[in-house]
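*Asks:* One structure, as C-alpha cells, below. Some questions next.
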Amino acid sequence: MSDRRSEPFEILLVGDDLSDNQPIRDAFENLPIDSCVTVTDDAMAGLAELERRQTDETAPFPALVLLDIDQPSVDGYEFLKAVKADPVLVRLPVIVLTAADDPATVRESYELAANASLSKPSSPDEFDSLAETVASFWFEQVLLPPIDTS
Numbered sequence: 001m002s003d004r005r006s007e008p009f010e011i012l013l014v015g016d017d018l019s020d021n022q023p024i025r026d027a028f029e030n031l032p033i034d035s036c037v038t039v040t041d042d043a044m045a046g047l048a049e050l051e052r053r054q055t056d057e058t059a060p061f062p063a064l065v066l067l068d069i070d071q072p073s074v075d076g077y078e079f080l081k082a083v084k085a086d087p088v089l090v091r092l093p094v095i096v097l098t099a100a101d102d103p104a105t106v107r108e109s110y111e112l113a114a115n116a117s118l119s120k121p122s123s124p125d126e127f128d129s130l131a132e133t134v135a136s137f138w139f140e141q142v143l144l145p146p147i148d149t150s
C-alpha cells in the first residue's frame with residue numbers, strides 16, 4: 001500500500017478567487033504545523049493536479065482538499081463528483097468552502113459526499129480561525145484510512 005499523506009501536510013486549494021486563495025495559504029503557513037498549500041485556479045486544474053499526483057511517485061499526495069464550490073467553468077460540484085467517483089480519490093477528504101450560507105448549497109455538497117462544508121472567511125481573523133480549525137481537526141484529531149495511490 002502506498003499512502004503518501006504525511007508531514008508536511010499537503011493541502012490542495014481549488015478556487016478561482018485570488019483574493020481568498022492567498023489569505024488561506026498565508027493562514028496555513030502561519031500555523032505551528034508543517035503544511036504546504038498548493039493552489040489551482042479552477043476545478044479542471046484541480047483535477048489535473050490530483051491526476052498528476054496519482055501518477056508521480058515523487059509528488060506528495062494531498063492530505064485534504066479545500067474546494068471553493070462556486071466556480072464559473074467546471075463548477076465545484078463537478079469536481080466533487082469526479083473525486084468521489086474515483087476509486088482512489090474517494091477517500092480524500094474534501095472540505096467545501098462557500099460564500100453563500102445557502103442551505104441548498106450545503107445540502108448538495110453533502111449529498112455529493114463532501115466531508116465538510118464551511119463558510120468562506122471574509123476577514124483576516126476568520127482566515128486564521130478557519131486554518132486553525134481545519135488543521136486541528138483534520139491533522140491532529142481525525143483518523144483516516146490510507147489512500148492507496150499505487
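Take the sequence shown: its position 106, counted from the start at 1, is 106 in the UniProt record's numbering, and no numbers get skipped. For every residue, glycine included, the Cβ atom is placed at its ideal position computed from N, Cα and C.
#1: Please check the pair LEU97 and LEU144, which I expect to be a contact at CB under 8 Å, by giving their CB distance rounded to whole angstroms.
#2: By Cβ distance below 7 Å, which residues in the same chain neighbour ARG4 in space, the five residues on each side in sequence not counted?
#3: Quick one: what's THR40 bridged to in DSSP?
#4: Identify the continuous alpha helix (DSSP H) that holds VAL88 and give its terminal residues.
#5: Excluding the 5 residues flanking PHE79 on each side, which residues of the same chain have their C-beta closer than 7 Å to its C-beta?
#6: In chain order, what residues of the same chain have a beta carbon less than 6 Å from the beta carbon of ALA113, not counting five sequence neighbours either side?
#7: Measuring alpha carbon to alpha carbon, tell me which of ASP34, VAL65, ALA100 and PRO124 ends up nearest PRO93.
#8: May I have the straight-line CA-CA distance separating PRO8 from LEU31, to the nearest angstrom?
#9: Could you give the residue range of the beta strand (DSSP E) that holds LEU144?
#10: What residue range is occupied by the uninterrupted beta strand (DSSP E) comprising ASP68?
#11: State the Cα-Cα distance for the pair ALA135 and SER19, rounded to the nearest angstrom.
*Replies:* So, from the data block:
#1: About 20 Å; that fails the 8 Å criterion.
#2: Low confidence applies here, because ARG4 scores a pLDDT of 45, under 50, leaving its location unreliable and the question unanswered by this model.
#3: Per the DSSP secondary-structure output, THR40 pairs in a beta bridge with VAL14.
#4: VAL88 -> no alpha helix (DSSP H), and no H or E assigned at all.
#5: When the five nearest sequence neighbours on each side are left out, the beta carbons in the same chain lying within less than 7 Å of the beta carbon of PHE79 are those of VAL14, ALA43, GLY46, LEU47 and LEU67, in order along the chain.
#6: Once the five neighbours on either side are set aside, the close Cβ partners of ALA113 are LYS84.
#7: VAL65
#8: 12 Å
#9: Per DSSP, LEU144 belongs to no beta strand (DSSP E) and is neither H nor E.
#10: 64 to 68
#11: 21 Å
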